[in-house]
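Engineer:
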Amino acid sequence: MQKNIKTFIAVTISLVVVIGFFWFGLSGMFSSADTATEGAGQPATVGLPLSESSVTPDAFRTEASGLQIADFRVGTGEEIVVGQTIAVHYVGTFVDGTQFDSSVDRAQPLVFVFGTQQVISGMDAGLAGMRVGGIRRIIIPPELAYGANGVKGPDGEYVIPPQTALVFDVQLMGISK
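Using UniProt numbering, the first residue of the sequence shown is number 1, and each one after it goes up by one.
This is the structure:
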């Protein structure tokens, strides 16, 4: 129960922050140099979702926590630092490929302060070291996602079942200046 309250509070705060950024003009917050991949000739468009043919098991590095990370395009922009506000597009799926969420489908990146527990711990850990323009797949073990609690929707049914590993294709779109 305590964790559900904390999750609810974290989600509410995140929504308030995101709405605030859009209310006061997100477009001016991120410089165009940051949303493009500087000097690489790579487009600033969203390169998600990744095709399954681009994903091979040997592309992943596995952290001690069980987190698995594979870079599909290394960004050439600024590297993110704890405490910076970042914009990330993502597609979230279960290991079987079933999609449960996507900022790309909403055409609005997720905006949050990196490294401050505004997202699940596996997302913060998986984004560490990314540079603007980078695209990465992160496989998050249940312990770094929603663990034994899972996530229930308004109808009381699980949107993310307990003890579920999550897969995120992420693209770092920008860093606040």
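In this text, a Cβ means the ideal position worked out from N, Cα and C, and glycines have one as well.
Less than 7 angstroms between the C-beta atoms of Glu63 and Ile175, yes or no?
Structural biologist: Numbered from 1 along the sequence shown, position 63 holds the residue referred to as residue 63. Numbered from 1 along the sequence shown, position 175 holds the residue referred to as residue 175. Going by C-beta atoms, Glu63 is not nearer than 7 angstroms to Ile175.
Engineer: Go through its chain and collect everything with a Cβ distance to Gln99's Cβ below 6 angstroms, but skip five positions before and after it.
Structural biologist: Stepping through the sequence shown from its first residue, residue 99 is reached at position 99. If we look at Gln99 and ignore the five residues flanking it on each side, its Cβ neighbours are Thr93.
Engineer: Report yes or no: do three or more beta-carbon pairs, one from the segment 107-119 and one from the segment 150-167, lie closer than 8 angstroms?
Structural biologist: Touching, no, given that fewer than three Cβ pairs across the two stretches are closer than 8 angstroms.
Engineer: Could you tell me the distance, in whole angstroms, from the CA atom of Phe60 to the CA atom of Asp96?
Structural biologist: Taking the first residue of the sequence shown as position 1, residue 60 is located at position 60. Taking the first residue of the sequence shown as position 1, residue 96 is located at position 96. Taking the straight line from one Cα to the other gives about 17 angstroms.
Engineer: Around the Cβ of Val85, are there at least 16 other Cβ atoms within 10 angstroms (buried) or fewer (exposed)?
Structural biologist: Counted from its first residue, the sequence shown places residue 85 at position 85. According to the sequence as given, residue 85 is Thr; it is not Val. It is buried - the Cβ of Thr85 has at least 16 other Cβ atoms within 10 Å.
Engineer: Taking all protein chains shown into account, decide if Val81 is buried (16 or more other Cβ within 10 angstroms of its Cβ) or exposed.
Structural biologist: Residue numbering aside, residue 81 sits at position 81 when the sequence shown is read from its first letter. Val81 should be labelled exposed.
Engineer: If you reduce the DSSP assignment to three classes, tell me which class Leu127 lands in.
Structural biologist: The sequence position of residue 127 within the sequence shown is 127, counting from 1. Leu127 falls in the helix class under three-state DSSP.
Engineer: Grab the span of the alpha helix (DSSP H) containing Val104 for me, first residue to last.
Structural biologist: Counting from one through the sequence shown, the residue named residue 104 turns up at place 104. Its alpha helix (DSSP H) spans residues Ser103 to Arg106.
Engineer: So, are the CB atoms of Asp101 and Gly115 less than 7 angstroms apart?
Structural biologist: Counted from its first residue, the sequence shown places residue 101 at position 101. Counted from its first residue, the sequence shown places residue 115 at position 115. Contact flag unset, no.
Engineer: Given that a residue counts as buried once 16 or more other Cβ atoms are within 10 Å of its Cβ, and exposed if not, what is Val88?
Structural biologist: Taking the sequence shown and counting its residues from 1, one reaches residue 88 at position 88. Counting Cβ neighbours within 10 Å, Val88 comes out buried, since at least 16 surround it.
Engineer: According to the Cβ coordinates, are Ala148 and Gly122 closer than 7 angstroms?
Structural biologist: Position 148 of the sequence shown, counting from 1, holds the residue named residue 148. Position 122 of the sequence shown, counting from 1, holds the residue named residue 122. The answer is no: Cβ separation not under 7 angstroms.
Engineer: Round the Cβ separation of Val170 and Ile138 to the nearest angstrom and send it over; I've been treating them as touching at under 8 angstroms.
Structural biologist: The count along the sequence shown starts at 1 and reaches residue 170 at position 170. The count along the sequence shown starts at 1 and reaches residue 138 at position 138. That belief holds up - the Cβ atoms of Val170 and Ile138 are roughly 6 angstroms apart, short of 8 angstroms.
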